[in-house]
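> First the structure, which I've put down as structure tokens, then a few questions once you've had a look.
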Amino acid sequence: MRYQRAESPLKLDGLVAARTFFAGCIADADPSRESLWVAHVDEQARCLHVSRHDGDAAFADFPLRDIVIDAAKHGSAGIVLAHNHPSGDACPSEADRRATRRLATAAEALDCTVLDHLVFAGVDCTSFRQIGLL
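Just so you know, we're using my numbering here: the sequence shown kicks off at 714 and counts up by one.
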């Protein structure tokens, strides 16, 4: 009988880990369109599920209902979001702030926390948590 050691699950346990992971995801996406990436994690910040939602040049699809359903389905303790701004400005828009607040409120009902939302623009990255929006 042959045994193979399982690969360690991805851990998104902080800004550096999340930024590194999502930078790779966003590098693979179409840079002319906004893409939202959603990672669901357990209590130890181990990644349970990742989804991608594509938008257009000025808007990332933010399917609140689908994200909350995935959180319930996977038993998520936390959610980490990331999306790109093709405009080159890494500052969160008012729509980004509003959607993130709505998700944080909805996730709370499931005992799930929005841990961070990263906005990428080229090499720049803004963390909602770091700037006090979460």
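Ideal placement from N, C-alpha and C gives every residue a C-beta, glycine not left out.
Computed from a predicted structure; not experimentally measured.
Run the CB neighbour count on V827, radius 10 Å, all protein chains shown included, and call it buried at 16 or more, exposed below.
Classification of V827: buried, given that the 10 Å Cβ count is 16 or more.
> Does A734 come out as helix, strand or coil in the three-state DSSP assignment?
Before going on, a small fix: residue 734 reads as Phe here, not Ala. Here F734 sits in helix by DSSP.
> I'd like the list of long-range same chain contacts for G835, defined as Cβ closer than 7 Å, with 5 residues on each side in sequence excluded.
Same-chain partners within the cutoff: G801.
> Does the distance from the CB of D755 to the CB of A790 come in under 9 Å?
Yes; because the gap between Cβ atoms is below 9 Å, this pair is in contact.
> Is H798 closer than 9 Å to F833 when the C-beta atoms are compared?
Closer than 9 Å, so yes.
> What is the residue span of the beta strand (DSSP E) that D767 lies within?
Counting along the chain, the beta strand (DSSP E) containing D767 begins and ends at C760 to D767.
> When you compare only the Cα positions, how much space is there between S764 and D783?
In a straight line, the C-alpha of S764 is about 9 Å away from that of D783.
> Leaving aside the five residues before and after L725 along the sequence, list all residues of the same chain whose C-beta is less than 7 Å from its C-beta, in chain order.
Here the set comprises A731, F734, A752, V754, A758, C760 and V793.
> By alpha-carbon positions, which one of H762, T813 and E747 ends up nearest to P722?
Among H762, T813 and E747, the Cα nearest to that of P722 belongs to H762.
> Taking the alpha-carbon positions, what's the L777 to T839 distance?
Cα-Cα distance, rounded: 21 Å.
> Can you check whether the CB of D767 is closer than 9 Å to the CB of S748?
In contact: S748 and D767 (Cβ atoms closer than 9 Å).
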